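Report on the following structure.
In my numbering, the protein residues as written are 9 to 94.
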């Protein structure tokens, strides 16, 4: 079970590295973004929600403005942090 958890977290981090998701104005991720991540990662939506909470609590992902700032970004996005590189 632990191996599956680590594998899923790795898939989430890789997916968010390639395509960060937009943060809602009041914070967090919208339903549309979660559904897109579910499709991109192949992880069940309920499990994905839990893993997103865990990775955010562990500061492996966080909202912010990416550097360099992509021209098509509409503000803050959720993406992996420097801590995820370890």
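Think of the CB as a built atom: it goes at the ideal place given N, C-alpha and C, for glycine as much as any other residue. Since the model is a prediction, treat every value here as computed from it, not as a measurement.
Check	Outcome
Continuous alpha helix (DSSP H) stretch holding residue 20: start and end	10-26
Coarse secondary structure for residue 89, derived from DSSP in three states	coil
Paired residues, beta bridge with residue 66 - DSSP	For residue 66, which the question treats as bridged, DSSP gives no partner whatsoever.
Helix, strand or coil at residue 57 according to DSSP, with G and I counted as helix	helix
Residue 40 - containing alpha helix (DSSP H), residue span	39-49
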